[in-house]
Amino acid sequence: MKTLALILVFFISNFIIQAQEETKGVTITVTVPNITSSEGEVVFGLYNEDTFMKAAPIQGQKSKITEGIAKITFTNVPEGIFAISCFHDKNGNNRMDFEDNGMPKENYGVSNNNMSYGPPMWSDAKFEVGTEDLGLEIRM
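Residues 55 to 194 (the working numbering) make up the sequence shown, in order.
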């Protein structure tokens with residue numbers, strides 16, 4: 055009976071350990087250092103190729119602005135290819151606002167800081183997540 059109990063405890067603990075390992079990933083800390091106003095918040099999104107500029111982010115975060123800086127941390131990010139976008143939501147409506155001609159009313163930025171004309175492109179914003187934590191800076 056003791057042997058059966060020990061085997062059962064072993065399987066349960068092994069299952070718990072594996073479940074914890076599966077949820078582990080890296081941490082990505084993102085800083086935006088050049089915000090021109092302390093109004094509102096900065097909204098961040100972590101995307102994969104399928105969701106970038108098309109759907110809701112895999113993870114989303116908001117940051118208050120302190121002395122022109124916004125900072126957030128994405129946790130448990132698995133290995134893979136991702137991109138981050140952010141925008142300064144001055145009016146607090148949780149969406150990016152645009153002029154009638156399609157130009158953004160609110161400042162924005164993407165990972166790798168490639169700010170060409172037109173909407174951000176996946177190929178310019180993507181970066182690789184491995185097994186080590188990352189620190190990124192996005193400029194608006």
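Just so you know, even glycine gets a beta-carbon here, dropped at the ideal spot from N, CA and C.
If you look at residue 177, you'll find it in the alpha helix (DSSP H) that goes 176-179.
In the DSSP assignment, residue 93 falls outside any beta strand (DSSP E) and carries neither an H nor an E. Counting of Cβ neighbours within 10 angstroms places residue 135 among the exposed residues, the total staying below 16. For a cut-off of 8 Å, the C-beta gap from residue 133 to residue 84 is around 18 Å, too long to register as a contact.
Under the DSSP assignment, residue 139 falls in the beta strand (DSSP E) whose first and last residues are 134-143. Residue 117 sits in a strand when the DSSP states are folded into three classes. Judged by DSSP secondary structure, residue 128 falls within the beta strand (DSSP E) whose first and last residues are 124-131. Nearest to residue 93 by alpha-carbon distance, out of 78, 126, 143, 103, is 143. By the CB criterion at 8 Å, residue 114 and residue 98 fall inside the cutoff. In this model, residue 105 and residue 137 are separated by some 10 Å (Cα to Cα). Distance from the CA atom of residue 161 to the CA atom of residue 130, rounded to whole angstroms, is 28 Å.
Residue 139 is a Cβ neighbour of residue 101, given a cutoff of 8 Å.
The alpha-carbon of residue 186 is positioned some 12 Å away from that of residue 78. By the CB criterion at 8 Å, residue 95 and residue 118 fall inside the cutoff.
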